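K.L.:
Position 12 of the sequence shown, counting from 1, maps to 12 under my numbering, and the rest follow consecutively. Below you'll find the structure I mean.
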Amino acid sequence: MDRFQQLFDDAHRSYRDGRLREAMLLFRQAATVARGFEDHPAWYKATIWTALLMESLGDHAASLALLLDAQSMESPESPAHEMWLARSIHLTVVQKWQPVRSHIQVLFDGLQQWSLGQHCPAGDILFDQAYQAGIEGKWGTVLTYVEQFVAAFDGDGRIKIGGGHLATSACLRRRDFPACRQWIAAMRECDQGWAVEPVLVGLSELELAIAEGQPPTKLLPLLTSVKNASVGVENSSKVVSSLSTRTELLISTNDDPLSRFHPARLECAIAVRQPGDTHDRYGDRLLLLDLRLAGQRFTAGIPAVDDYYYSQPQQIPDANSSIDKREFRRRLQKVRISATEALRYAKKLDDWLECDWRQREVEARIERIDQIADAVARWAKCDTGE
């Protein structure tokens, strides 16, 4: 079984280094070797890790099928950590791909019950509860669970810095910038040897700068830093491209964001083409809506703003007589279509999770669209003397 152990160790090394696809293939090879030796515990162990990597790479259907197949063959000899991991992955798949709150609660109850008689990483359930609170829009609850996760962390299970990133996101939603900076400082102290660690720190730093309304001269080096950190780290390109889109909308303000070669449009195209879970697909719709809203502002001669945190509301001038009215009407139609699609998807997710925060954030954008359209209509009346 030396071959199995070598493959398994290499797979873990690839996983930590951010080479997820390579890690998945190595875990799968390890499972094949174990099956050849009729070593069921080793086969089970490698199979569960294969399922984890499949989920991380976005293939939730294959991950769940492999997971359930392995669980159907559990035995008293199956390794306890991987038995726990299997149940945790099942919860993650449901949280990310079909997050019906009542179903998720059943899985949480099962995890809690199972953990009473088995060893499991001390902070894992707390991390999962923090993530659940986040997708339900309960930002204060996220922070409570993350604090408990960090206190309970024993070096096993979920990576510590992941909890920090959940916390910074919640702080920004609450507009608590000092607390966000404290969490970022704590994230910098995390060093478990994962390639994704500097990526998460960089993302949090850039998100904070955008939320604070920092000038382009501050945003550009942060964007460059997070892009450099993400090179070679699989499964980070989507979130990096999404944030790059929002950053470029604030940096390259002298150019039309909907022009073919505008950096924001190019980054948006990369982001939405990347695979993602149900929440990512909502994020794609929101990103496209915000790109088109930025294009609407540009045509109306309104300065660029960040629509995600919206710390600095749009400033509509009293008049503008140089608008291309035909182009404005075309863009208005398209941005309204994007808003309708984003709202439809927001309602679907909110209904599943028994909340309404996604619908409210889309509706806030619709109000901004209407404000711009009303202003342009008012300017047109002034021009014609009506």
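Every residue, glycine too, gets a C-beta built ideally from N, C-alpha and C. No experiment lies behind these values; they were computed from the predicted model shown.
Since I believe Leu126 is in contact with Ala86 (beta carbons under 8 angstroms), could you give me their beta-carbon distance rounded to a whole number of angstroms?
P.N.:
For this step, residue 86 is matched to residue 86 along the sequence shown. For this step, residue 126 is matched to residue 126 along the sequence shown. The pair is not a contact, with the Cβ atoms about 19 angstroms apart (cut-off 8 angstroms).
K.L.:
What would DSSP say about Asn254, mapped onto helix, strand or coil?
P.N.:
Position 254 of the sequence shown, counted from the start, is the residue given in the question as residue 254. Asn254 falls in the coil class under three-state DSSP.
K.L.:
For the segment 227-290, which segments carrying the beta strand (DSSP E) assignment without a break, of at least 3 residues, lie completely within its bounds, in sequence order?
P.N.:
Listed in chain order, nothing qualifies, since the segment 227-290 has no complete beta strand (DSSP E) run of 3 or more residues.
K.L.:
Using 8 angstroms as the Cβ pair cut-off and three pairs as the minimum, do the segment 34-43 and the segment 16-23 touch?
P.N.:
With a cut-off of 8 angstroms, the segment 16-23 and the segment 34-43 do not count as touching, because too few Cβ pairs lie within range.
K.L.:
Within the same chain, show all residues whose beta-carbon is closer than 7 angstroms to that of Pro257, passing over the 5 residues directly before and after it, in chain order.
P.N.:
Numbered from its first residue, the sequence shown carries residue 257 at position 257. Contacts found: Leu249, Ala264, Arg265, Leu291, Ala294, Gly295 and Phe298.
K.L.:
Sort Leu287, Leu200, Ile161 and Ser252 by Cα distance to Glu269 and report the nearest one.
P.N.:
Here residue 269 refers to the residue found at position 269 of the sequence shown. Correcting the residue identity first, residue 269 is Ala in this sequence and not Glu. Minimum Cα distance to Ala269 is reached at Leu287.
K.L.:
Buried or exposed for Asp374, going by 16 or more other Cβ atoms inside 10 Å?
P.N.:
Working through the sequence shown from its first residue, we reach residue 374 at position 374. Looking at its Cβ environment, which holds fewer than 16 other Cβ atoms inside 10 Å, Asp374 is exposed.
K.L.:
In whole angstroms, give me the CA-to-CA distance for Ser311 and Ser102.
P.N.:
Here residue 311 corresponds to residue number 311 of the sequence shown, with the count starting at 1. Here residue 102 corresponds to residue number 102 of the sequence shown, with the count starting at 1. In a straight line, the C-alpha of Ser311 is about 34 angstroms away from that of Ser102.
K.L.:
So what does DSSP say about Ala186, is it helix, strand or coil?
P.N.:
Translated into the one-based positions of the sequence shown, residue 186 becomes position 186. Residue state, collapsed to three classes: helix.
K.L.:
Keeping to the same chain, check which residues put their C-beta closer than 7 angstroms to that of Lys347; ignore five residues upstream and five downstream.
P.N.:
By one-based count along the sequence shown, residue 347 stands at place 347. Gln359, listed in sequence order.
K.L.:
Specify whether the segment 221-229 and the segment 181-193 touch according to this definition: at least 3 beta carbon pairs, one from each stretch, less than 8 angstroms apart.
P.N.:
Counting Cβ pairs under 8 angstroms, fewer than three are found: no touch.
K.L.:
Can you tell me whether DSSP reads Phe4 as helix, strand or coil?
P.N.:
Against the sequence shown, residue 4 aligns to sequence position 4. Looking at Phe4 - three-state DSSP - the assignment turns out to be helix.
K.L.:
Who are the Cβ neighbours of Glu327 in its own chain at under 7 angstroms, not counting the five residues just before and after it?
P.N.:
Locating residue 327 in the sequence shown gives position 327, counting from the first residue. For Glu327, where only same-chain residues beyond five positions count, the Cβ hits under 7 angstroms are Thr299.
K.L.:
Which word fits Val201, buried or exposed, when buried means at least 16 other C-beta atoms lie within 10 angstroms of its C-beta?
P.N.:
The sequence position of residue 201 within the sequence shown is 201, counting from 1. By the neighbour-count rule (16 or more Cβ atoms within 10 Å), Val201 is buried.
K.L.:
Check whether the Cβ atoms of Leu289 and Arg365 lie closer than 9 angstroms to each other.
P.N.:
By one-based count along the sequence shown, residue 289 stands at place 289. By one-based count along the sequence shown, residue 365 stands at place 365. Yes, Cβ-Cβ distance for Leu289 and Arg365 is below 9 angstroms.
K.L.:
By DSSP, does Leu57 sit in helix, in strand, or in coil?
P.N.:
As a working mapping, residue 57 is identified with position 57 in the sequence shown. Correct three-state label for Leu57: coil.
K.L.:
What is the rounded straight-line gap between the Cα of Gly385 and the Cα of Glu234?
P.N.:
For the purposes of this step, residue 385 is taken as residue 385 along the sequence shown, with counting starting at 1. For the purposes of this step, residue 234 is taken as residue 234 along the sequence shown, with counting starting at 1. Residue placement at Gly385 cannot be trusted, given a pLDDT of 47 that sits under 50; what the coordinates show is reported in the next sentence. Roughly 58 angstroms between the two C-alpha positions.
K.L.:
Out of curiosity, what's the CA-to-CA distance linking His279 and Lys96?
P.N.:
Residue 279 sits at position 279 when you count from the first residue of the sequence shown. Residue 96 sits at position 96 when you count from the first residue of the sequence shown. Their backbone Cα atoms lie some 7 angstroms apart in a straight line.
K.L.:
Kindly list the residues whose CB is nearer than 7 angstroms to the CB of Ala30, restricted to its own chain and excluding five residues on each side of it in sequence; keep chain order.
P.N.:
Taking the first residue of the sequence shown as 1, we reach residue 30 at position 30. Phe4, Leu7, Phe8, Ala11 and Ala46, listed in sequence order.
K.L.:
Cβ atoms of Phe177 and Ala130: under 9 angstroms apart, would you say?
P.N.:
In the sequence shown, residue 130 corresponds to position 130, counting from 1. In the sequence shown, residue 177 corresponds to position 177, counting from 1. No, Cβ-Cβ distance for Ala130 and Phe177 is not below 9 angstroms.
K.L.:
So, with DSSP's three-state summary, where would you put Ile159?
P.N.:
As a working mapping, residue 159 is identified with position 159 in the sequence shown. Correct three-state label for Ile159: coil.
K.L.:
Specify the secondary structure class of His165 as computed by DSSP and reduced to three states.
P.N.:
Position 165 of the sequence shown holds residue 165. Helix.
K.L.:
So which of Tyr308, Glu341 and Asp39 has the shortest CA-CA distance to Arg174?
P.N.:
As a first step, residue 174 must be located in the sequence shown, where it is residue number 174. Considering only alpha carbons, the answer is Tyr308.
K.L.:
Count the other CB atoms within 10 Å of the CB of Gly36; is the residue buried (16 or more) or exposed (fewer)?
P.N.:
On the sequence shown, position 36 is the one that residue 36 refers to. It counts as exposed.
K.L.:
If Ile48 and Ala70 are in contact, beta carbons under 8 angstroms, what's the gap, nearest whole angstrom?
P.N.:
Your numbering for residue 48 matches position 48 in the sequence shown. Your numbering for residue 70 matches position 70 in the sequence shown. With 8 angstroms as the limit, Ile48 and Ala70 qualify as a contact, their Cβ atoms being about 6 angstroms apart.
K.L.:
Which of the three DSSP states, helix, strand or coil, is assigned to Ser102?
P.N.:
To locate residue 102, count along the sequence shown from 1; it is residue 102. In this structure, Ser102 counts as helix in the three-state DSSP scheme.
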